[in-house]
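Presented below is the structure to which this report refers.
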Amino acid sequence: MDDGTGHKAGDGPICLPGVLFFHHWKQGEKMAGLRDGHTITGADNAGGGQFHGTGVAAGPVGAFSVHGSKRVSPAACIMACGNNSWEGGSEMRKLGAGVLALALCVSLSGCSYPELYERVLIHGIGVDWTGDGYRVTVRSSASAEDEGEELFVSEGETVLQALSDLSLTTGREPFYSHNYLVVFGMDCALNGLDDCLDFFVRYYNTRPAVKMFLSATTAQEVLSTEKDGKLMKMSQLQALGRGGQYNGQAAEVEILDFVNAVEGEGSSPVLPALRTTEEGVEVFATGYFSGCKLTGLMDPRGTRGWLAATDKLKTGELTLEDPEGGTVTLSLRKTSGRIKVDKSGGPSFEVELEVDADISSADRVQLERPDAYSRIEDAARQLLEEDTRDAIEQAVINDGCDIFGFGRLMYREEPGLWRENKERWPDLMRECQYQVSASVKVRRLEQENRNGIG
Numbered sequence: 010m011d012d013g014t015g016h017k018a019g020d021g022p023i024c025l026p027g028v029l030f031f032h033h034w035k036q037g038e039k040m041a042g043l044r045d046g047h048t049i050t051g052a053d054n055a056g057g058g059q060f061h062g063t064g065v066a067a068g069p070v071g072a073f074s075v076h077g078s079k080r081v082s083p084a085a086c087i088m089a090c091g092n093n094s095w096e097g098g099s100e101m102r103k104l105g106a107g108v109l110a111l112a113l114c115v116s117l118s119g120c121s122y123p124e125l126y127e128r129v130l131i132h133g134i135g136v137d138w139t140g141d142g143y144r145v146t147v148r149s150s151a152s153a154e155d156e157g158e159e160l161f162v163s164e165g166e167t168v169l170q171a172l173s174d175l176s177l178t179t180g181r182e183p184f185y186s187h188n189y190l191v192v193f194g195m196d197c198a199l200n201g202l203d204d205c206l207d208f209f210v211r212y213y214n215t216r217p218a219v220k221m222f223l224s225a226t227t228a229q230e231v232l233s234t235e236k237d238g239k240l241m242k243m244s245q246l247q248a249l250g251r252g253g254q255y256n257g258q259a260a261e262v263e264i265l266d267f268v269n270a271v272e273g274e275g276s277s278p279v280l281p282a283l284r285t286t287e288e289g290v291e292v293f294a295t296g297y298f299s300g301c302k303l304t305g306l307m308d309p310r311g312t313r314g315w316l317a318a319t320d321k322l323k324t325g326e327l328t329l330e331d332p333e334g335g336t337v338t339l340s341l342r343k344t345s346g347r348i349k350v351d352k353s354g355g356p357s358f359e360v361e362l363e364v365d366a367d368i369s370s371a372d373r374v375q376l377e378r379p380d381a382y383s384r385i386e387d388a389a390r391q392l393l394e395e396d397t398r399d400a401i402e403q404a405v406i407n408d409g410c411d412i413f414g415f416g417r418l419m420y421r422e423e424p425g426l427w428r429e430n431k432e433r434w435p436d437l438m439r440e441c442q443y444q445v446s447a448s449v450k451v452r453r454l455e456q457e458n459r460n461g462i463g
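Put into structure tokens, the structure is as follows:
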């Protein structure tokens, strides 16, 4: 039998908004109900006892006592009065507790966040070391749609204090969820990024998955750069971090990447290095670190070798001189890099590169000769091997920075060998053997300068 609520005889206890129905009832009999604002006394058809209760109109929680019935609605009995006992399923108890918790959350919650006009929407942050604290340079806008950006500078003993003091200048609260990037000045990197980087990792309101850069001078200079008489947009500066995907000569690093490389076993972090020019800002090198301290700068060719070896080289151009005369430019189409560890006779590593490329231009090169393609492939192979060897020699052997992750590879594949050597790994890296081999296949000719073909 259905009482009009969809509840049939023998069903479990139910609780509807404003109405409490008791569980035990007989077919053909009317159910007793407890409604908001009413006090009711009646008989429990199953238990034979008496019940009474009072509905509370202010909310879904009823204040009442129950006598005689062994099974009533546990969800509604959370606030049951007296020492009356009742039985009910644990699932219903959980449901009732959830309903009460939700009601309390709704009643206690409020809108305490500042309005949009009370916030500084930060698009870029620069951090410089002053000798006794930090100077932060902030690029911001009044709204998410506002294309015009402002520049603010503030100082403090810590990065957080300097950023918090922006309110003294702006009268608004810093808001970080729109931030594109963070730039660290050269002095800051040489002094160590650990203290100032901690804010961007731990502070609840920041975004650690943003682009991270190193400035050749100061971060303030980079963020103050003008283009066509206006401040360079932070979205344009952010795009420089993706440049390596297209030119194959720049690293792309986010804050989390940097932190993971610092904290990980057998690895060293890198950062793309920026400098200002008459046209704006450009990536000119890759900085590599020992821990959080900058150790050296690697040129674009060394960066390309590092990208290739670590399987991060996607596309780019290779310009090389043909032995028979003329210049050839190859467009990289498909690249892969793999590093293998060989522990026999002491740790040694093999770096293998595979590249597919197209000829995008060939000036004064006789491509119709049978050996033309093999000459170009051999020249490209030598160039890539040289780039990679130079990067290994500079960063790993000379400066003891494992930017290639040789130690991490040993940690994964030879954990016992790694445990024996991890403490002296920076010195042991200099004694390891490194073999680099590349295979280049030129697939097709995109275009050619026919005036130069003999």
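Counting the sequence shown from 1 gives a position; this note's numbering is that position plus 9. All C-beta atoms, glycine included, are put in the ideal place defined by N, C-alpha and C. Since the model is a prediction, treat every value here as computed from it, not as a measurement.
Limits of the unbroken beta strand (DSSP E) element including residue i
i	result
Asp372	Ser357 to Asp372
Leu376	Segment: none, Leu376 is in no beta strand (DSSP E) and carries neither H nor E.
Met307	Lys302 to Met307
Ala248	Counting along the chain, Ala248 falls outside any beta strand (DSSP E), though it belongs to the alpha helix (DSSP H) covering Met243 to Ala248.
Gln444	Gln442 to Leu454
Gly165	Glu159 to Gly165
Tyr143	Tyr143 to Ser150
Top-ranked residue by Cα proximity to residue i, from the options
i	options	result
Asn214	Glu287, Ala388 and Leu169	Leu169
Ala294	Ser370, Thr312, Pro278 and Cys301	Thr312
Leu341	Glu359, Pro356, Ser370 and Val350	Ser370
Gly300	Gly201, Ile368, Ala388 and Glu235	Gly201
Ala225	Phe209, Leu283, Leu240 and Arg211	Leu283
Leu437	Ala248, Asp408 and Pro379	Asp408
Glu326	Leu339, Gly314 and Trp315	Leu339
Lys352	Gln442, Tyr143 and Ala366	Gln442
Glu159	Asp174, Ser186, Ile131 and Leu172	Ile131
Gly355	Asn430, Gly305, Arg310 and Lys450	Asn430
Val405	Tyr297, Glu377 and Asp372	Tyr297
Pro217	Pro309, Leu265, Arg251 and Leu240	Leu265
Phe267	Leu240, Thr234 and Val219	Val219
Ile348	Thr336, Val337, Glu363 and Gly335	Glu363
Asp387	Pro309, Tyr255, Glu330 and Tyr185	Glu330
Ala270	Tyr382, Arg439, Asp203 and Ser173	Asp203
Ala259	Trp315, Gly289 and Glu235	Trp315
Ser383	Trp427, Ser357 and Pro332	Pro332
Leu223	Leu426, Leu322, Thr285 and Glu422	Thr285
Tyr185	Glu166, Ala198 and Ser150	Ser150
Ser446	Cys410, Glu402 and Arg398	Arg398
Thr336	Ile385, Asp365, Leu303 and Ser357	Ile385
Inter-residue CB distance, residue i and residue j (contact presumed, cutoff 8 Å)
i	j	result
Leu190	Gly257	Not quite, the Cβ-Cβ distance comes to about 21 Å (not below 8 Å), so this is no contact.
Val262	Met221	5 Å
Asp141	Ala228	No, Asp141 and Ala228 are not in contact; Cβ-Cβ is about 17 Å, not under 8 Å.
Ala317	Leu418	With a Cβ gap of about 16 Å, Ala317 and Leu418 do not count as contacting.
Thr319	Phe413	6 Å
Val129	Glu182	7 Å
Asp367	Arg433	With 8 Å as the limit, Asp367 and Arg433 do not qualify as a contact, their Cβ atoms being about 46 Å apart.
Ser448	Arg390	7 Å
Phe193	Thr178	In fact, because the Cβ distance is near 22 Å, the residues do not count as touching under 8 Å.
Gln444	Glu377	Their Cβ separation, rounded to whole angstroms, is 36 Å, which puts Gln444 and Glu377 out of contact at 8 Å.
Pro281	Val292	5 Å
Which of helix, strand or coil DSSP assigns to residue i
i	result
Tyr297	strand
Asp137	strand
Met195	helix
Lys220	strand
Gly56	In this prediction, Gly56 scores a pLDDT of 40, lower than 50, which makes its location untrustworthy; the coordinate-derived value is nonetheless stated afterwards. Gly56: coil per DSSP, three-state reduction.
Gly325	strand
Met207	The residue you asked about is not Met; residue 207 is Asp in the sequence shown. In the structure shown, Asp207 sits in a helix (DSSP, three-state: H, G or I).
Val268	helix
Val70	Low local confidence applies: a pLDDT of 37 at Val70 is under 50, so the model's placement there is unreliable, with the coordinate-based value given in what follows. Val70 falls in the coil class under three-state DSSP.
Pro183	strand
Pro281	strand
Leu393	helix
Leu202	coil
Glu287	coil
Ile406	helix
Val231	helix
Glu263	strand
Ile131	strand
Glu386	helix
Glu429	helix
N-terminal and C-terminal residue of the alpha helix (DSSP H) that residue i is part of
i	result
Gln170	Val168 to Ser173
Gly253	Gly253 to Asn256
Asp351	Unbroken run through Asp351 is the beta strand (DSSP E), Thr336 to Asp351; no alpha helix (DSSP H).
Tyr420	Phe415 to Glu422
Pro435	Trp434 to Leu437
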